[in-house]
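Asks: Residue numbers (our numbering): 222 to 638. Note that beta-carbon positions come from the ideal geometry of N, C-alpha and C, so glycine has one too. No experiment lies behind these values; they were computed from the predicted model shown. My questions all concern the structure below.
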Amino acid sequence: MMEFAVLLVLLVFSGIFSGSETALIALSMARVEALVKEGRAGAKALFQLKKDPSRMLTTILIGNNLVNIGASALATVMATREFGSAGPGIAVGALTLFILVFGEITPKSLATRYSERISLFVAFPLLLFMRLIYPLVWFFSKFAAWVYHLTGGKSDPTITESELIGMLGYGVEEGAIEHNEQKIIERVFAFNDLKVRDVMTPKGKMFTLDRSLTVAAAIPIVSRERYSRIPLFEGQHDNLTKVLYLRDLLRASASGQLEEQLGDIAHEPLFVSQYQTIDDLFATLRRRNRLFSIVVDEYGDVRGIVTLEDLLEELVGEIYDESDVAPLDVDSLSRDEISVQGSTELRVVEEFFDLELPGKPNDTVSLWILGHTEYIPRESEIFTIDHLEVRIVKASDRSIDQVNIRFLARAPDSEDI
Numbered sequence: 222m223m224e225f226a227v228l229l230v231l232l233v234f235s236g237i238f239s240g241s242e243t244a245l246i247a248l249s250m251a252r253v254e255a256l257v258k259e260g261r262a263g264a265k266a267l268f269q270l271k272k273d274p275s276r277m278l279t280t281i282l283i284g285n286n287l288v289n290i291g292a293s294a295l296a297t298v299m300a301t302r303e304f305g306s307a308g309p310g311i312a313v314g315a316l317t318l319f320i321l322v323f324g325e326i327t328p329k330s331l332a333t334r335y336s337e338r339i340s341l342f343v344a345f346p347l348l349l350f351m352r353l354i355y356p357l358v359w360f361f362s363k364f365a366a367w368v369y370h371l372t373g374g375k376s377d378p379t380i381t382e383s384e385l386i387g388m389l390g391y392g393v394e395e396g397a398i399e400h401n402e403q404k405i406i407e408r409v410f411a412f413n414d415l416k417v418r419d420v421m422t423p424k425g426k427m428f429t430l431d432r433s434l435t436v437a438a439a440i441p442i443v444s445r446e447r448y449s450r451i452p453l454f455e456g457q458h459d460n461l462t463k464v465l466y467l468r469d470l471l472r473a474s475a476s477g478q479l480e481e482q483l484g485d486i487a488h489e490p491l492f493v494s495q496y497q498t499i500d501d502l503f504a505t506l507r508r509r510n511r512l513f514s515i516v517v518d519e520y521g522d523v524r525g526i527v528t529l530e531d532l533l534e535e536l537v538g539e540i541y542d543e544s545d546v547a548p549l550d551v552d553s554l555s556r557d558e559i560s561v562q563g564s565t566e567l568r569v570v571e572e573f574f575d576l577e578l579p580g581k582p583n584d585t586v587s588l589w590i591l592g593h594t595e596y597i598p599r600e601s602e603i604f605t606i607d608h609l610e611v612r613i614v615k616a617s618d619r620s621i622d623q624v625n626i627r628f629l630a631r632a633p634d635s636e637d638i
């Protein structure tokens, strides 16, 4: 009877060690640090275990193997006494079944579901056990490290960006993360992958003024266009030499400097490469205390302009202040249909339909369409792209001018372009 009780205790410990392994591995270090900050019982011991995962795992495996070997030896002795020469076979078969069900499957299933509670419960006893058998833990950890070094010494990352993004999706499904929060976090991950050329306002859409214009001549133009920072050109339109701030123009007007040329009251521009990442540009703008920069290519030719607002819009979406007006190139026809110009940014379509489309957010609708058709479509052409029905309303031989886009509830029978 005593032997049976000991065998039962060994099986219980086998389940505890197996469940502890699964629970501790499933619990992230970030969550452990949060538990420590919350002051949860057992959190500090848990942190001590998790900060050295190799020794933690070695401790659990030593304990698990000791109790399993002990259970096997004891079961063999008991079975041999009862069944003679057939005892070892009976002991192996019966014990294998018991360990599989009660020492592996059941505790690991429970540990997967209650990883946090179980980890906090077993942390202190495991930490104490690790210190009691420290010489064994040290030896096997060093041996494992030596083998690891022989195999190249390079481990896979414990967590990747794609896994984090996938976890966001689960967080939304569970209700722990709002959909808008998910979109912002995903934009943060994509932030350093974008180049300046992906978010800039291209040269063809820039508003510029001649630096030789007088303050008096510029005021009615600027008041009509409503820009707060305007690039100034000298000679050719792409020869940008200064940046005019609206406040300086108003100050000059108020002080009676109406005949002063714009170039005399403007500031030196900040030039940035179109290949610079936008997170680097963000740091540059903050360091230089600038909100506006001119984008150039490798030859020094102007490619466009980019503002701090453009960068922030990559994180939070389109930003409008009290002086902005609704875009004139966008018309909502219904809840599922929108009419846009070919020059409209693709992000406008994405935000209207609350979906993600392939390509860069700053790509135009025309570029998105041409990337699929590979030719300039004619007026009245209708086709399907990314589960959106696209109808060309107005087009010329050189460009796509007006497009109607309708959301399709499910993929149509016709094949997407």
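Kindly indicate which residue of E535, H608, P441 and G240 has the alpha-carbon position closest to the one of F342.
Replies: The candidate whose alpha carbon is nearest that of F342 is G240.
Asks: Rounded to a whole number of angstroms, what is the C-alpha to C-alpha distance between V493 and F412?
Replies: About 17 angstroms.
Asks: Count the other C-beta atoms from every protein chain shown that fall within 10 angstroms of the C-beta of D531, then say buried if there are 16 or more, exposed otherwise.
Replies: Buried: at least 16 other Cβ atoms inside 10 Å.
Asks: Roughly how many whole angstroms lie between the Cα atoms of V358 and N286?
Replies: V358 and N286: Cα-Cα distance of roughly 13 angstroms.
Asks: Helix, strand or coil: which one does DSSP assign to P423?
Replies: Reduced to three states, the DSSP call for P423 is strand.
Asks: Give the single residue among S444, R432, V436 and S617 whose Cα lies nearest to the Cα of P452.
Replies: Answer by Cα proximity: R432.
Asks: M351 to T372, Cα distance in whole Å?
Replies: Those two C-alpha atoms are separated by around 27 angstroms.
Asks: Considering only residues of the region 234-315, which uninterrupted alpha helix (DSSP H) runs meet the minimum length of 4 residues and lie entirely inside it, listed in chain order?
Replies: As far as the region 234-315 is concerned, its whole alpha helix (DSSP H) runs of at least 4 residues are 250-259, 264-271 and 274-304.
Asks: Please work out which residues of its chain come closer than 6 angstroms, Cβ to Cβ, to I311, disregarding the five sequence neighbours upstream and downstream, and give them in chain order.
Replies: Excluding sequence neighbours, I311 sits near A300 and F304.
Asks: Which of the three DSSP states, helix, strand or coil, is assigned to P579?
Replies: Reduced to three states, the DSSP call for P579 is coil.
Asks: Do you know offhand how far F234's Cα is from V288's?
Replies: If you take the alpha carbons of F234 and V288, they lie about 7 angstroms apart.
Asks: Can you give the Cα-Cα distance for D459 and R450, rounded to whole angstroms?
Replies: So the two alpha carbons sit approximately 16 angstroms from each other.
Asks: At which residues does the alpha helix (DSSP H) containing F628 begin and terminate?
Replies: Per DSSP, F628 belongs to no alpha helix (DSSP H); it is in the beta strand (DSSP E), I621 to F628.
Asks: Secondary structure at H370, three-state DSSP: helix, strand or coil?
Replies: The answer is helix: DSSP assigns H370 an H, G or I state.
Asks: Tell whether a beta-carbon distance below 8 angstroms holds between E481 and A473.
Replies: Result yes, Cβ atoms of E481 and A473 sit closer than 8 angstroms.
Asks: Comparing C-alpha positions only, which one of T279, N401 and V611 sits nearest to I354?
Replies: With distances taken between Cα atoms, I354 lies closest to T279.
Asks: Per DSSP, D552 is paired with what?
Replies: Answer is S560, bridged to D552.
Asks: So, under 8 angstroms CB-CB, G236 and G324 are touching, yes? Tell me the CB distance rounded to an integer number of Å.
Replies: That pair is a contact at about 5 angstroms.
Asks: Less than 7 angstroms between C-beta atoms, sequence neighbours within five positions excluded: which residues of the same chain meet that for I613?
Replies: Cβ within range, chain order: P598, R599, E600, S601, E602, I621 and V624.
Asks: Could you check whether the region 315-335 touches the region 244-261, counting it as contact only if at least three pairs of C-beta atoms, one from each stretch, sit closer than 8 angstroms?
Replies: Taking 8 angstroms as the limit for Cβ pairs, the verdict is that the region 244-261 does touch the region 315-335.
Asks: Please report how far the alpha carbon of S306 lies from the alpha carbon of T297, in whole angstroms.
Replies: Taking the straight line joining both Cα atoms gives about 10 angstroms.
Asks: What is the DSSP secondary structure of G525, counted as helix, strand or coil?
Replies: Strand.
Asks: Starting from the Cα of A616, find the closest Cα among I606, V586, H608 and T605 and give me that residue.
Replies: Among I606, V586, H608 and T605, the Cα nearest to that of A616 belongs to V586.
Asks: Name the DSSP beta bridge partners of T565, please?
Replies: Beta-bridge pairing links T565 to no other residue.
Asks: So, under 8 angstroms CB-CB, S170 and A365 are touching, yes? Tell me the CB distance rounded to an integer number of Å.
Replies: Absent from the structure is residue 170, since the part of the chain shown begins at 222 and ends at 638.
Asks: Just to confirm the assignment, what range does the beta strand (DSSP E) spanning E674 have?
Replies: No statement about residue 674 is possible, as the shown extent of the chain runs from 222 to 638 and does not include it.
Asks: State whether the region 423-439 contacts the region 495-514, with contact taken as three or more CB pairs (one from each stretch) at a distance under 8 angstroms.
Replies: The answer is no - the region 495-514 does not touch the region 423-439, with fewer than three Cβ pairs under 8 angstroms.
Asks: Identify whether T333 lies in helix, strand or coil by the three-state DSSP scheme.
Replies: Note: T333 maps to helix in three-state DSSP.
Asks: Can you look up I515 in the DSSP assignment and give me helix, strand or coil?
Replies: DSSP places I515 in strand when its eight states are reduced to three.
Asks: What does DSSP give as the partner residues of S494 in its beta bridges?
Replies: Paired residues: V517.
Asks: Near F628, what residues of its chain come up, given a Cβ to Cβ distance below 7 angstroms and the 5 sequence neighbours on each side ignored?
Replies: Closer than 7 angstroms at Cβ, skipping near neighbours: D557, F574 and L609.
Asks: Among the candidates L415, F513 and E535, whose CA atom is the shortest distance from the CA of I405?
Replies: Ranking the options by Cα distance to I405, first place goes to E535.
Asks: Given a cut-off of 8 angstroms on the beta-carbon distance, is the pair L512 and L483 in contact?
Replies: Taking 8 angstroms as the Cβ cut-off, L512 and L483 do not qualify as a contacting pair.
Asks: From L267 to G284, what distance separates their C-alpha atoms?
Replies: Roughly 17 angstroms separates the two Cα atoms.
Asks: If you reduce the DSSP assignment to three classes, tell me which class L471 lands in.
Replies: Three-state result, L471: helix.
Asks: Cβ atoms of D469 and I486: under 8 angstroms apart, would you say?
Replies: Contact: yes.
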